[in-house]
Structure formats: C-alpha cells, structure tokens
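*Asks:*
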Amino acid sequence: MIAADTSSLIAYFSGRDGSDVERIHDALGAGELRISPIAFTELLSDPRTTTELEMVVAEWRQLDITQGYWLRAARTRARLLNLKLKPKLPDTLIAQSAIDYNIPLIARDDGFRHFAKHCGLKLA
C-alpha cells in the first residue's frame, strides 16, 4: 500500500510530469494506492471538479480514521510546532493517516519532509 498527498494527485490529474506522478500511476495500476479522507476532500472540493473525477476517486480505497487518530494528529502537529516549524493542519492529518498505517506517502509538497524527519512519516 501507498498513499498520495493532494499536491501529487492534482499533478497527476493535470497531466504534469514528475516521479510522484509516475508513482501514482504505478500504484493505481497495481491496486496499491490509498487516499486519506483529508486528501479525498481537498481534491474533490475544487469547484472545477467534474463528476467523472468524483466517480474515479470515489472508487479508490480510503485510509479509515482509527481510534485515537485525532489525538495522535494533535500530538504530531504539536511536536513540529514545538520545533518552531509551521505544519499545515491538512498536511498534518494526511501525514498522520500514512503514519498510522505505516505506509509511504507520495508527496510533491516539501512540507512533508518535517513529518518524515521528526514524526516517523515514510516518504515515497
């Protein structure tokens, strides 16, 4: 299994190039891609989202939010804030999903490097 961040998913659906886009393509082909509820919501909340895109993404398997998720996410974000870093709340929640499932995260956004360095996130 592997998860993807919204930034990489947008790049994938926009037809951009990049190793993250290739990883998403490969993961989809292998049936390995998972999406957090937060990335799902971010991706589909764009007003330009089409019904076709909604139908495609709705078929993907989501990473369920497990017991204690919100507390773990709060602690993860607090850890980074304590280091004087500025983690975005959606990034924290996406990172926590990948951390909870112990799966790598495909991410174009370099803000995830802090979660990898300090919180146990595996980046793909």
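For the sequence shown, the working numbering gives the first residue as 112, with consecutive numbering after it.
The beta carbon of each residue, even a glycine, is placed where N, CA and C say it ideally should be.
Everything numeric in this text was worked out from a predicted model, so none of it was measured.
(1) Leaving out five residues before and five after Asp211 in sequence, what residues of the same chain have Cβ atoms less than 8 Å from its Cβ?
(2) Taking only the alpha-carbon atoms, compute the straight-line gap between Ile149 and Glu143 and give it to the nearest angstrom.
(3) Got a sec, what are the start and stop residues for the beta strand (DSSP E) Ile113 sits in?
(4) What do you reckon, are the CB atoms on Ile217 and Ala235 nearer than 7 Å?
(5) Helix, strand or coil for Arg145? Go by DSSP, reduced to three states.
(6) Give the straight-line distance between the Cα atoms of Arg190 and Thr203, rounded to the nearest whole angstrom.
(7) Is the separation between the beta-carbon of Leu154 and that of Thr117 shorter than 7 Å?
(8) What's the gap between the Cα of Gln115 and the Cα of His225?
(9) What distance in whole Å lies between the Cβ atoms of Arg219 and Ser147, which are believed to be in contact at a cut-off of 8 Å?
(10) Taking all protein chains shown into account, do 16 or more other C-beta atoms lie within 10 angstroms of the C-beta of Ala141, making it buried, or fewer, making it exposed?
*Replies:* To lay it out plainly:
(1) Counting only Cβ-Cβ distances below 8 Å, and skipping sequence neighbours, we find Leu174, Thr177, Tyr180, Arg183.
(2) One Cα belongs to Ile149, the other to Glu143, and the distance between them is close to 18 Å.
(3) Element bounds for Ile113: 113-115.
(4) Cβ distance < 7 Å, so Ile217 and Ala235 count as in contact.
(5) Looking at Arg145 - three-state DSSP - the assignment turns out to be strand.
(6) The straight-line gap from Cα to Cα measures roughly 11 Å.
(7) Taking 7 Å as the Cβ cut-off, Leu154 and Thr117 qualify as a contacting pair.
(8) Looking at the sequence shown, residue 115 is not Gln but Ala. If you take the alpha carbons of Ala115 and His225, they lie about 16 Å apart.
(9) The C-beta distance from Ser147 to Arg219 rounds to 15 Å, too long to meet the 8 Å contact threshold.
(10) With fewer than 16 other Cβ atoms from the protein chains shown falling within 10 Å of its own Cβ, Ala141 counts as exposed.
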